[in-house]
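Residue numbers (full-length UniProt numbering): 1 to 212.
Okay, structure first, notes after.
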Amino acid sequence: MSEQLEEPSLKVSSSTTLVSSSSATAQQQIARLVRVPVPGDGSCLYSTLSLILRNHTGEKLSSQQLRERIAQEVDNHPEEYRDLLEYPEYANRIRDPLLWGGQTEIDLFTRIFGIGVRNINSETNTIYDNRARGTNYYAYVFYNGYHYDLVRYSDDQQIEKTIFSVNDDRNDLIHDLLQRERKQETMYETGRCIVGSQAVQNGQVNGVLMSR
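Have a look at this one:
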């Protein structure tokens, strides 16, 4: 059952709780959504959104150029954002390459470029969906609580895409993506614990003070 959460102030987004699926369909066996890594440099969201823009329109913007475009949207409409975002400080924070972006910046991206974004959040098991009225196309991003990546569709017919029609939800493939990502994260955490345990043992043997 889907749960509709309170809409944010920008009034272009909603959040839908994912519904677990007990079995894979035939389509899930030949088609999947795949996480496409982008650099973890503090601008992962902007790099991901830049790839979405390039794939949809061909326009090539660096992560910093996209930051500037989004900041200009705030600058150009101070009456809309002054109270909501502590303007003008917020626009300056958007421009800072060391500060992360989030759902507010995703919503601003959609307003500027008309591309909806469905944010798959593996930490909360939800999709934050901002396919605003009048938006004919959208893309997926994947968020695990500290990093954003692009999401791509691929199948056994060698079809790959990152832009979808607004009526093409692909909800049937999201559960599979989350399962694969959780399994990979569990394997990573298990490996890290084993390595950490061995390091502590070595440190104790060698008389080294270990710190995290």
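Positions of the beta carbon are idealized from the N, C-alpha and C atoms, including for glycine.
Please state whether the Cβ-Cβ distance between residue i and residue j is less than 8 angstroms.
i	j	result
Ile115	Tyr138	yes
Ile112	Ile70	yes
Val117	Asn136	no
Ser47	Pro37	no
Leu173	Leu61	no
Arg170	Tyr146	no
Ser79	Ile94	This sequence places Glu at residue 79; Ser is not what is there. Not a contact, by the Cβ cut-off of 8 angstroms.
Asp155	Ile30	yes
Phe142	Arg54	no
Leu49	Ser122	no
Gly42	Trp100	yes
Quick one: is residue i near chain B, going by C-beta distance under 8 angstroms?
i	result
Arg95	Looking at the structure shown, chain B is missing, and only one protein chain is on hand.
Nearest to residue i by CA position, among the options, is which residue?
i	options	result
His175	Ser165, Leu61, Ile120, Ile163	Ile120
Arg67	Gln157, Leu45, Gly145	Leu45
Leu108	Gly42, Asn167, Glu160, Val74	Val74
His56	Gln64, Thr110, Ile30, Tyr146	Thr110
Asp96	Ala132, Glu105, Leu49, Gln64	Gln64
Tyr140	Glu185, Arg82, Gln103	Gln103
Please report the residue range of the beta strand (DSSP E) in which residue i lies.
i	result
Thr126	126 to 129
Leu33	31 to 36
Ala139	137 to 143
Go ahead and pull the three-state DSSP assignment for residue i.
i	result
Ser43	coil
Leu61	coil
Ile194	Residue placement at Ile194 is flagged as unreliable, the pLDDT there being 48, under the threshold of 50; the coordinate-derived value follows with that caveat. Three-state DSSP puts Ile194 in a helix.
Ile115	strand
Glu185	helix
Ile120	strand
Arg152	strand
Leu53	helix
Is it buried or exposed, residue i, if we count other Cβ atoms within 10 angstroms and call 16 or more buried?
i	result
Thr124	exposed
Asn76	exposed
Leu98	exposed
First and last residue of the alpha helix (DSSP H) that includes residue i?
i	result
Tyr146	No alpha helix (DSSP H) contains Tyr146, which DSSP labels as neither H nor E.
Ala91	89 to 95
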